[in-house]
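To convert, count from 1 in the sequence shown and add 84; that's our numbering.
Glycine included, C-beta positions come from ideal geometry on N, C-alpha and C.
What follows is a short report on a single structure.
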Amino acid sequence: MLSKQAQLQLLQLIGLPADEIEQLLAEEEPQDISLPDGIRIYDAEGYAALEAQLKANGKTGYINAGKEIAIKNLKEKLGIEYDGKDADIFLQKAKEKILADAGDAEQVATLRRQLQDYEAQLQTLGTEKQALARDTEWLKKFPAGRSTGMSDEDRLLLLKTRITQQQDEEGNTTYLYKGKPLADEEGSYDIARTLEHVFTEERWLGDSYPMQHRPGRGAHSTHGSGYRPMTLTEAETQWERTGRKAEGYEFQAHVVGLKKENPDFDLNK
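See the structure below:
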């Protein structure tokens, strides 16, 4: 049984008022309690997911605010009366206003170029929002038990060079790893399964990740392939066997990861 002091600390931790705590501790019979409105309790994993979502929402709000500010500035510059926030409607009104104000062919050409610049600015904001949504989804679905030799931010940067996606006419998405589709008799890979496969191929899974859960079959499988280069020369040889040149940021990041995983990795051989 918990001591009175321990009970007091627990009740204070969940935010019960002092008078309720005093009354509960004075009762001799077992009492039920409920969390006050607005109080939520998370374990470490749940809190990490909540924190990631809050960060993502904050960045999304920043991008949306940027788009609204861009529309507001262009409205003032072009003298357009429009109170909405829809970028497509605004651009159509901007086209009509610019062409209506144009005086001669040269002026029309100049204004058309300006209009293209404005469209590019808004499209860039839209692209950034889509990229943020993709990055957030990928980070949430990184396999558990990954190795500690590289940060998730660096892995995400490299994954953008490894994974591409295609959509068919029905809207179905296919993920490609180094330009090749990942599919077998079990069916197409979704993004979670694709990430597991890539993490296995790149050897980003730590010893705590169950081997029986590692994806890949046939030509994609890495079962039984635990070889890790011990020297820079070995790393270069292994890298170039995949058809890539052992140079540039991508290879340097790979070498840094090898060194972090194995302090005995020799950079001078």
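Query, Result
"Run the CB neighbour count on Gly310, radius 10 Å, all protein chains shown included, and call it buried at 16 or more, exposed below.", "In this prediction, Gly310 has a pLDDT of 48, which is less than 50 and means its spatial position is unreliable; what the coordinates show is noted afterwards. Exposed is the call here."
"Please classify Asn352 as buried or exposed, where buried requires at least 16 neighbouring CB atoms within 10 angstroms.", "exposed"
"Hey, out of Arg218, Leu206, Thr208 and Ala204, whose CA is closest to Ile275's CA?", "Arg218"
"Output yes or no for whether 8 angstroms exceeds the beta carbon distance between Asp238 and Ala337.", "yes"
"Considering only C-alpha positions, which residue in the set Ala330, Lys177, Lys161 and Phe226 is nearest to His281?", "Phe226"
"Would you give the residue range spanned by the beta strand (DSSP E) that Ile247 belongs to?", "Ile247 to Gln251"
"Please state the DSSP three-state secondary structure of Thr315.", "strand"
"Between which two residues does the alpha helix (DSSP H) harbouring Leu279 extend?", "Ile275 to Glu285"
"Just the C-alpha distance for Arg246 and Gly263, rounded to the nearest angstrom, thanks.", "8 angstroms"
"Could you tell me the alpha carbon to alpha carbon distance between Gln250 and Thr257, rounded to whole angstroms?", "6 angstroms"
"Considering Cα atoms alone, identify which of Met314, Ala228 and Gly332 is closest to Glu129.", "Ala228"
"State the Cα-Cα distance for the pair Asp170 and Lys224, rounded to the nearest angstrom.", "30 angstroms"
"State the Cα-Cα distance for the pair Pro265 and Glu286, rounded to the nearest angstrom.", "17 angstroms"
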